[in-house]
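Let me begin by presenting the structure, written as structure tokens, before commenting on it.
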Amino acid sequence: MSERGRPRGFDRDAALERAMEVFEEKGYDGASMADLTKAMGINSPSLYAAFGCKEALFREAVDLYASRGAAMWAGVPASPTAKAGVAHLLRESAMSFTSGEKPRGCLIVLGALHEDDSNSPACRMLQEHRAGNLEALRERLEHAVEEGELPAGLDCRAVAAFYMTVQQGMSFQARDGASRETLLGIAESAMAGWESLTMSRALQQGD
């Protein structure tokens with residue numbers, strides 16, 4: 713007998729995949745239980761039995777989404793230089809944000825934009841993901857300073873925040889229908905200012 717009314721042959725991984733797609737399209741607030749159960753092919757009691765609640769389902773969906781983007785972020789520390797790592801991140805973001813028939817941008821950026829009593833845990837979770845990404849970028853820049861690639865005194869947090877802002881802005885552009893070529897152009901433009909940006913931030917810190 714299926715557990716607590718779940719359909720025979722219930723595939724939890726496939727259901728989670730479909731839930732992630734709903735959250736990508738509609739965000740946490742916009743995704744109703746009816747939307748989720750329809751996409752997942754189960755009823756509400758089955759959803760609660762398998763995932764607990766909407767918030768818990770969203771957490772698993774975000775974790776799944778983040779795992780899919782792990783290679784994009786792994787390229788930041790793995791690249792031979794910090795500049796190459798940031799360029800890799802922006803290029804791969806352009807590709808990821810415009811994949812599929814209906815580009816949706818980035819779930820971690822767009823999943824919950826306005827915090828209130830009903831979505832506070834979801835918002836905080838996404839904020840933690842974004843903060844972790846910023847920290848990873850800052851650490852790569854600091855390593856580049858230690859290696860001599862970037863000048864001593866560089867405000868690594870400020871430079872990391874700039875490129876994170878570019879990457880997150882690309883997500884909004886994708887959601888609004890920007891093409892892959894447009895996003896790749898944004899990435900290229902941002903990288904064109906690398907030397908000027910890193911040097912100017914170092915000079916400000918040294919003044």
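Mapping of the sequence shown onto this note's numbering: position 84 corresponds to residue 796, and the numbering continues sequentially without gaps.
Note that CB positions come from ideal geometry on N, CA and C, so glycine has one too.
Bear in mind the structure is a predicted one, so any value in this text is a computation, not a measurement.
query: Rounded straight-line distance, which links the Cα of K766 to that of A824; result: 13 Å
query: Where L866 falls: helix, strand or coil (DSSP); result: coil
query: Cβ separation of P773 and F722, assumed to be a contact under 8 Å, to the nearest whole Å; result: Strictly speaking, residue 773 in this sequence is Ala, with Pro absent from that position. In fact, because the Cβ distance is near 17 Å, the residues do not count as touching under 8 Å.
query: Distance between M784 and T910 (C-alpha atoms, nearest Å); result: 22 Å
query: Within 7 Å, strictly: CB atoms of M745 and S756; result: yes
query: Beta-carbon gap between A806 and A864 smaller than 7 Å; result: no
query: Nearest neighbour of T877, chosen from L776, C818, H855 [CA to CA]; result: C818
query: Top-ranked residue by Cα proximity to W906, from K795, A726, G742; result: K795
query: E854 to D867 span [Cα, whole Å]; result: 9 Å
query: Check whether A751 and R730 have beta carbons under 7 Å apart; result: yes
query: Candidates A799, T749, Y740: closest to S901 by CA position; result: A799
query: Spatial distance of G742 from S891 (CA atoms); result: 24 Å
query: Own chain partners of A727 with C-beta closer than 6 Å, once the 5 adjacent residues on each side are dropped; result: M752
query: Reference Y875, options L801, D888, D775, closest by Cα; result: L801
query: Neighbourhood of F884 by C-beta, 8 Å cutoff - its chain only, sequence neighbours within 5 removed; result: G817, V821, L822
query: Residue span of the alpha helix (DSSP H) that contains G742, given as start and end; result: 724-742
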